[in-house]
Amino acid sequence: MDVLLGLQWGDEGKGKIVDVLAPQYEVVARFQGGPNAGHTLEFDGIKHVLHQIPSGIFRPQILNIIGNGVVLDPIVLKKEIDGLGKFSIDYQKNLVVSKKATIIIPTHKLLDAALETSKGDKKIGSTLKGIGPTYQDKIGRAALRVGDILSPDFREKYDTLVEKHKTTLSFYNHPIDALPEMEAQFFAAIEFFKTLNLIDSEYVVNDALASNKKILAEGAQGSLLDVDFGSYPFVTSSTTMAAGACTGLGVSPSKIGEVFGIFKAYCTRVGSGPFPTELFDATGEAMRKEGNEFGSTTGRPRRCGWLDLPALRYSIMINGVTQLYMMKADVLNIFEEIKICTHYELPTGERIDRLSFEISDLDVKPVYKTFKGWHCSLAEVRSYDEFPAELKEYVSYLENELHVPIKLVSVGPDRVQTILR
Ligand code: GDP
Ligand code: IMO
Ligand code: MG
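Numbering-wise (my numbering), the sequence shown opens with residue 696 and increments by one.
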């Protein structure tokens, strides 16, 4: 099983690459996260954003698995499936859902909003899809799981959980007027959900491995949003790193082959939290405009800045990345000069290149190395040989610093704008 994951704060371009690599695999599986994700695929002039369905869904020969580590919103899933109606996808055959995946219920979304509001100016900038409260219930051994919807006492289990949530919502004085309408949608979606192929996915995954089928595990979010290693508490509530693929699918670490680390040629972050190389000036604004950096799930403008080497090295380390894929190189076309952060400078003047526990609270200044920009379009470039010399230099510098080969460079959102090295 190979694992593909984001090395930054999400939105690196994972969806595009899963779609590009999918023909080499028999199975694509999501292992964590939920509808907070927005994975974009572009081909034949059409753009698709997937939230919970794995990005192999447009390839009819691929089995797409929503694994046990995922938190799933039935309402969003139904909408997603309805939205793909015109593509004649055989969901019974190509999409299966783990009975051990956790269900997001309407009050989880209300709780997400109540908790964010209560944080005042310390808001995480959550997507408000109910992710945090649902994982909290999972770990707290109170959640509902997909398999539960088939049980005759599902409604009873649901009501028990909702009563508990209402106590918390009333503590936060959070309005629940919207709940009846949300519940009507939820139970309608549950009826639809029952018609899908609900399975013991750990057996399907391990049987596939035993018969030498190739599986691609599709990460959501990014390593810097990991609940253990991200910039806590400004993180998501799941294990976004490679290890999450083992717990989120029921696969032994010994079965992991390649770990594909996806990163943008610069950095973006949506939501709050530390971002040492963030640009607040016209350069950052130009990056946002050129990269169309607006959230695929919430539409929020993404914060933009230069590439951060200490952070990238950290993500490579905790994931054991074997191949790097650099995305959105074309967005840097517009710049005369391009910068890479090599170190952080502490208020004491000391230079560091590691992400210590304390770093989130320190006012660090990025130290940059400056590169000459290539300043030309990459839209029609289809091989590494056609790369401008300045881009080749950018790639070589990164490979030397990171000690991992950059095997793919993406020069546009379309499937065909993908250069293998
Ligand atoms: P994901 O969450 O990691 O799948 O990434 P998103 O889909 O949220 O965000 C990536 C955005 O960049 C999407 O709009 C993609 O269509 C777009 N994209 C992906 N690769 C490239 C690229 O190489 N160049 C440009 N300009 N856009 C890209
Ligand atoms: P993909 O898979 C970018 C961010 C949110 C917020 C924090 C917590 O498309 O890369 P949550 O809703 O999980 O409680 O939000 O994490 N976040 C993402 N940022 N891409 C994502 O997913 C994200 N999923 C969550 O903006 O800062
Ligand atoms: Mg995204």
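We put the CB at the ideal spot given by N, CA and C, even for glycine.
Proximity test, residue i beta-carbon vs the ligand MG heavy atom, cut-off 7 Å
i, result
"D706", "yes"
"G733", "yes"
"S991", "yes"
Residues that DSSP places opposite residue i in a beta bridge
i, result
"Q1018", "F955"
"S793", "I894"
"D697", "L911"
"T963", "C999"
"E973", "G1000"
"R1046", "E1040"
For residue i, three-class secondary structure by DSSP
i, result
"C999", "strand"
"F1052", "helix"
"V1106", "coil"
"T1037", "strand"
"Y867", "coil"
"E737", "strand"
"E648", "Residue 648 lies beyond the residue range present for the chain, which begins at 696 and ends at 1116; the question has no answer from this structure."
"E1032", "strand"
"K861", "helix"
"L1115", "strand"
"F782", "helix"
"C941", "helix"
"E721", "coil"
"H743", "strand"
"R836", "coil"
"L758", "strand"
"L1004", "helix"
"T802", "helix"
"Y1063", "strand"
"L767", "strand"
"I819", "coil"
"R850", "helix"
"R983", "helix"
Outcome for residue i when other beta-carbon atoms lying within 10 angstroms are tallied against a minimum of 16
i, result
"Y1039", "buried"
"F866", "exposed"
"T862", "exposed"
"M982", "buried"
"A793", "Sequence inspection shows Ser at residue 793; the Ala mentioned does not correspond to that position. So S793 counts as buried."
"T1043", "exposed"
"Y830", "buried"
"E1045", "exposed"
"P801", "buried"
"K814", "exposed"
"H1098", "exposed"
"D854", "exposed"
"E707", "buried"
"N789", "buried"
"Y720", "buried"
"G917", "buried"
"M936", "buried"
"N1014", "buried"
7 Å Cβ shell around residue i - same chain, five flanking residues per side excluded
i, result
"L919", "Q703, W704, G925, S926, A1006 and S1010"
"A724", "P749, I760, G762, V900, I910, A912, E913 and L944"
Contacts around residue i, its chain only, beta-carbon distance under 6 Å, and the 5 residues preceding and following it disregarded
i, result
"R1116", "Y1079 and K1102"
"V965", "G990, R995 and R997"
"G842", "K794"
"L1027", "A960 and I1033"
"T1017", "E953 and V954"
Neighbour flag for residue i against chain B, beta carbons, 8 Å
i, result
"Y1020", "The structure shown contains no chain B; it is built from a single protein chain."
heavy atom of the ligand IMO below 7 Å from residue i C-beta
i, result
"F929", "yes"
"G1000", "no"
"Q747", "no"
"G1137", "Residue 1137 lies beyond the range of the chain shown here (696 to 1116); nothing can be said about it."
"V965", "yes"
"S918", "no"
"I1013", "no"
"S1055", "no"
"T822", "yes"
Contact test: residue i Cβ vs the ligand GDP heavy atom, cutoff 7 Å
i, result
"S1105", "yes"
"G939", "no"
"V1111", "no"
"P1108", "yes"
"G701", "yes"
"V698", "no"
"V715", "no"
"V922", "no"
Own chain partners of residue i with C-beta closer than 8 Å, once the 5 adjacent residues on each side are dropped
i, result
"T934", "Q727, G764, D921, V922, D923, T942 and G943"
"W1001", "Y961, C962, T972, L974, I1033, K1034, I1035, C1036, P1061 and Y1063"
"R1077", "V1111 and I1114"
"K709", "L699, L700, G701, H734, S750, E913, G914, A915 and I957"
"D1109", "E737 and F738"
"L864", "T802, L805, L806, A809 and I871"
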